[in-house]
Amino acid sequence: MSIQVGQDVSDFKLTTFDSENGGFGEFNLAKQKKDGRWSLLFFYPADFTFV
Amino acid sequence: MGCDIVTVSTDTQFVHLAWQREEKELADVKYAMGADPTGDLAKTFGVYIDGVGLALRGSFLISPEGKLMNAEVNFLNMGRNIDETMRKFKANLYLLKKPDEGCPSKWKDEGDKTLKPGPEMVGRVHEALAD
Numbered sequence: 315m316s317i318q319v320g321q322d323v324s325d326f327k328l329t330t331f332d333s334e335n336g337g338f339g340e341f342n343l344a345k346q347k348k349d350g351r352w353s354l355l356f357f358y359p360a361d362f363t364f365v
Numbered sequence: 478m479g480c481d482i483v484t485v486s487t488d489t490q491f492v493h494l495a496w497q498r499e500e501k502e503l504a505d506v507k508y509a510m511g512a513d514p515t516g517d518l519a520k521t522f523g524v525y526i527d528g529v530g531l532a533l534r535g536s537f538l539i540s541p542e543g544k545l546m547n548a549e550v551n552f553l554n555m556g557r558n559i560d561e562t563m564r565k566f567k568a569n570l571y572l573l574k575k576p577d578e579g580c581p582s583k584w585k586d587e588g589d590k591t592l593k594p595g596p597e598m599v600g601r602v603h604e605a606l607a608d
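Line order of the protein sequences matches chains A and B. The letter at position 37 of the first sequence is residue 351 when you use the working numbering, and the numbering goes up by one with no holes. The letter at position 72 of the second sequence is residue 549 when you use the working numbering, and the numbering goes up by one with no holes.
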């Protein structure tokens, strides 16, 4: 059952590659909330493809 | 503007590293690139394609309170318009400050006309927008 607009998103963590500092990091929704930041999750099919 | 972007695909963080180094279109990327190889996060948001293991083109805007405020999902062959994403983000930022207002469909930026829904507007939206 996937989430619907208007519902609360459960906290999650995501391993990331952060090109700004060239290393691996983590995106943490709980931390975003703590820092008062909006988040935009942008899903796409695959690296090395087009569009 | 107070929003952190993170892109997500089912590639691992190592593929993201390789792609960002290879593809010149990505040379100026400043956002974090998230790895969802199990597809769990894509499944949470309803964009995981079963049997294929890839994510649809979905954008999800989450407020600082952790609420999902907007979802836009395109099929694989069509890109999302970043101007529209930006417009929706600005509308959300504005409306968080003005909980009694609504942004009509032509709203583009702060300063544009908004609506203050109430009983007097019932059946009179045309007049309200023309003001």
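A virtual CB, placed ideally from N, CA and C, is assigned to each residue, including glycine.
Would you decide whether residue i is buried or exposed? Buried here means 16 or more other CB atoms lie within 10 Å of its CB.
i        : result
PHE364/A : exposed
THR487/B : buried
ALA504/B : exposed
ASP361/A : buried
Show which residues of chain A have a CB atom less than 8 Å away from the CB atom of residue i.
i        : result
CYS480/B : ARG351, TRP352, SER353 and LEU354
GLY523/B : SER316 and ILE317
What does the alpha-carbon distance come out to for the pair residue i and residue j?
i        : j        : result
VAL599/B : THR591/B : 15 Å
VAL485/B : LYS585/B : 27 Å
ASP481/B : ILE317/A : 20 Å
ARG498/B : PHE491/B : 11 Å
LYS501/B : ALA495/B : 12 Å
LYS574/B : PHE356/A : 25 Å
ASN342/A : GLU597/B : 44 Å
What does residue i touch in chain A if you count any residue whose Cβ is under 7 Å from its own?
i        : result
THR484/B : PHE356 and TYR358
Within the same chain, show all residues whose beta-carbon is closer than 8 Å to that of residue i, passing over the 5 residues directly before and after it, in chain order.
i        : result
GLY321/A : According to the sequence displayed, residue 321/A carries Gln and not Gly. Cβ within range, chain order: n/a, list empty.
Can you list, in chain order, the residues of its chain whose CB lies under 7 Å from that of residue i, leaving out five sequence neighbours each side?
i        : result
THR329/A : PHE338 and GLU340
Which same chain residues end up closer than 6 Å to residue i when comparing Cβ atoms and leaving out the 5 residues on each side of it in sequence?
i        : result
HIS493/B : MET510
Please look up how many angstroms separate the CB atoms of residue i and residue j, rounded, as I've assumed it's under 8 Å.
i        : j        : result
PHE537/B : LEU545/B : 6 Å
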